[in-house]
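**Q** The sequence shown begins at 1 in UniProt numbering and counts up one residue at a time. A virtual CB, placed ideally from N, CA and C, is assigned to each residue, including glycine.
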Amino acid sequence: MVHRKWLIFSSIGGVYFFSHLHRIAPAVIASRLMEEFKASAAITGLMSSSYFYPYAIAQIPTGLLLDRIGVRKTVTLFSALAAVGSFLFALSPDVWLLTFSRALVGFGAGGIFISALKAFAEWFDPREFATMMGFIITVGSLGAITATSPLAFSSEVVGWRSSFLMISIAMALATALCWAWIRPSSKVVSITKGSVKEDVKRLFSNKNYRVLLPIPFLTHGAFIGFQGLWGGPFLIDVYEMSTVEAGNLLLLISLGVLIGAPSAGLISDRVFKARKPVLLIGLSFMMLFWILITLAPASLSTLQLAILMFTLGFSFSLADIYMAMSKDMFPESLTGIATGIANFSNFMGATFFQLAMGVIIDLTLANSASLTSAYLNAFSMCLASVVISTCIALTVKETFPRKVSEMVT
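1. With DSSP collapsed to three states, give me the class of ILE182.
2. Is ALA319 closer than 8 Å to MET329 when the C-beta atoms are compared?
3. Could you give the distance in angstroms between the alpha-carbon of ARG68 and the alpha-carbon of LEU229?
4. If contact is defined by three or more beta carbon pairs under 8 Å, each pair taking one atom from either stretch, is the segment 245-259 in contact with the segment 378-393?
5. Quick check on this structure: which residue in ILE112, ASP125 and ASP94 has the alpha carbon closest to the alpha carbon of ILE60?
6. Answer yes if the segment 340-355 comes into contact with the segment 216-231, meaning at least three C-beta pairs across the two stretches below 8 Å, and no otherwise.
7. Under 8 Å between the Cβ atoms of ASP237 and LEU371?
8. Can you find the residues in the same chain that come closer than 7 Å, C-beta to C-beta, to ALA222, ignoring five residues on each side of it along the sequence?
9. Whole-angstrom Cβ separation of SER154 and SER163, contact assumed at under 8 Å?
10. Using 8 Å as the Cβ pair cut-off and three pairs as the minimum, do the segment 257-267 and the segment 300-320 touch?
11. Ignoring anything shorter than 4 residues, give me the alpha helix (DSSP H) runs that lie fully in the segment 364-403, in order along the chain.
12. Just the Cα atoms here: how many angstroms apart are GLY159 and ALA246?
13. Report buried or exposed for PRO93, applying the criterion of at least 16 other Cβ atoms within 10 angstroms of its Cβ.
14. Taking Cβ positions, are VAL244 and ALA152 nearer each other than 8 Å?
15. Measure how close the beta-carbons of ILE136 and ALA116 come, nearest whole angstrom, since I'm counting them as under 8 Å.
16. Identify whether ARG72 lies in helix, strand or coil by the three-state DSSP scheme.
17. With ILE215 as the anchor, note down where its alpha helix (DSSP H) starts and where it stops.
18. Taking the beta carbon of ALA6 as the centre, do at least 16 other beta carbons fall within 10 Å, making it buried, or is it exposed?
19. Just list the alpha helix (DSSP H) runs in the segment 270-315, keeping only unbroken ones of 4 residues or longer that don't cross its boundaries, in chain order.
20. Please check the pair ILE182 and VAL15, which I expect to be a contact at CB under 8 Å, by giving their CB distance rounded to whole angstroms.
21. Skipping 5 residues on each side, what residues in its chain have a beta carbon closer than 6 Å to that of GLY225?
22. Which residues in the same chain have their Cβ closer than 6 Å to the Cβ of LEU165, if we skip the five residues on either side of it in sequence?
23. Helix, strand or coil for TYR51, going by three-state DSSP, please let me know.
24. Which whole runs of the beta strand (DSSP E) in the segment 330-363 are 3 residues long or more, in chain order?
25. In terms of alpha-carbon separation, which member of SER19, ILE392, GLY108 and ALA170 lies closest to GLY143?
26. Is it buried or exposed, GLU156, if we count other Cβ atoms within 10 angstroms and call 16 or more buried?
27. Using a Cβ-Cβ cutoff of less than 7 Å, which residues in the same chain neighbour LEU65 once the five nearest sequence positions on both sides are dropped?
28. When you compare only the Cα positions, how much space is there between PHE204 and ARG210?
29. Once you ignore the five residues that flank THR409 on each side, which residues in its own chain have a CB closer than 7 Å to its CB?
30. According to DSSP, simplified to helix, strand and coil, what is ILE60?
31. Restricting to Cα atoms, I'd like to know which of LEU173, ARG72 and MET286 is closest to residue 492.
32. Report the residue ranges of all beta strand (DSSP E) runs contained in full by the segment 4-33; include only those spanning at least 3 residues, in chain order.
And the structure:
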């Protein structure tokens with residue numbers, strides 16, 4: 001008989017797969033949407049970005065709900081919202097309903113990852129937590145990969161509307177499995193009933209947690225700024241690649257995440273038996289990526305770029321161990337809100353860096369500088385952010401193994 005904890009992992013993994021698919025999906029259907037709805041690039045960009053703000057906003061209420069009503073009800077609620085949003089997206093008659101639908105998907109998807117972390121905290125040994133986090137990120141990366149060539153092929157064969165109808169149905173089925181399979185662990189004695197204000201006060205009374213929080217903003221922000229928006233235009237404009245060639249290189253970032261996420265967990269839980277060394281190694285290699293991209297403009301070979309793209313994905317997966325660290329610092333009753341706030345920092349960083357990098361590029365071009373200079377100025381900000389993150393990480397105290405003396409009780 002399959003152990004309950006693996007049924008829980010499978011069900012949450014199913015809905016997390018689709019949350020990542022939705023995050024990346026607009027890239028391969030954007031031209032079709034612009035043509036069908038006669039939408040400008042700016043409006044299409046607004047539609048695509050409408051996923052991220054609701055996703056970020058969802059983090060804190062998700063954490064609070066997890067600590068009060070449990071994983072089963074919380075993840076079912078949020079994934080159901082995402083499935084409904086996907087269904088509405090497929091049927092949207094205009095770009096404004098598309099935007100609303102994608103925002104609904106983003107808000108619903110925003111409740112899934114933190115629910116997974118809460119479930120792992122309940123059902124798995126603390127020394128397995130980072131490993132399980134790596135596995136769930138790997139599942140998400142498979143969803144992101146599915147949103148590239150496979151979704152493009154499906155859109156060619158049956159159309160983008162039918163493709164999203166099938167996605168919404170599949171996500172609804174995965175949501176039903178969450179309700180059917182997820183149960184509270186026997187070690188969960190009670191659900192938190194304390195006030196929100198008191199919970200937040202307990203979190204921020206932990207100095208180590210306060211020190212850690214800027215790292216997700218700075219690190220994830222720079223990563224998503226490149227992978228999610230400006231990496232493709234950089235390769236096309238500076239290295240004169242085709243869209244397909246740039247896409248193939250960017251795919252290596254996802255491959256790096258796919259391999260790096262479970263590796264980070266295993267290295268942390270079983271090799272180092274520590275979090276901080278993994279964080280510092282990841283940040284160091286991210287710093288190397290930004291140094292080479294910034295200091296060697298238009299002079300890297302395709303092979304060198306390919307190695308760098310994989311390195312970026314792999315190294316970010318190591319640095320992402322900060323999510324496990326945010327959970328390690330607190331007793332189980334606070335893990336939902338603790339990881340929720342850390343993930344909120346993640347996605348506020350993503351939205352800020354995508355916008356800030358665009359502003360830097362526009363301002364540089366307005367001064368009659370070259371495209372290469374414009375991108376390098378934007379990437380210099382990313383390099384600075386990772387350097388700052390590394391300096392902060394050096395001051396963060398180790399959180400593994402979980403020590404009662406380091407927790408807020």
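**A** Straight from the coordinates:
1. coil
2. no
3. 36 Å
4. no
5. ILE112
6. yes
7. yes
8. PHE353, CYS382, SER385 and VAL386
9. 4 Å
10. yes
11. 371-395
12. 24 Å
13. exposed
14. no
15. 5 Å
16. helix
17. 214-225
18. The question names Ala, yet the displayed sequence has Trp at residue 6. Exposed, because fewer than 16 other Cβ atoms sit within 10 Å of the Cβ of TRP6.
19. 276-295
20. That pair is no contact at about 11 Å.
21. PHE353, GLN354 and MET357
22. ALA90
23. coil
24. none
25. SER19
26. exposed
27. THR74
28. 6 Å
29. Per-residue confidence for THR409 stands at a pLDDT of 38, beneath the threshold of 50, marking its modelled position as unreliable; the derived number appears in the next sentence. Closer than 7 Å at Cβ, skipping near neighbours: PRO331.
30. helix
31. No answer is possible for residue 492: it lies beyond the span of the chain, which begins at 1 and ends at 409.
32. none
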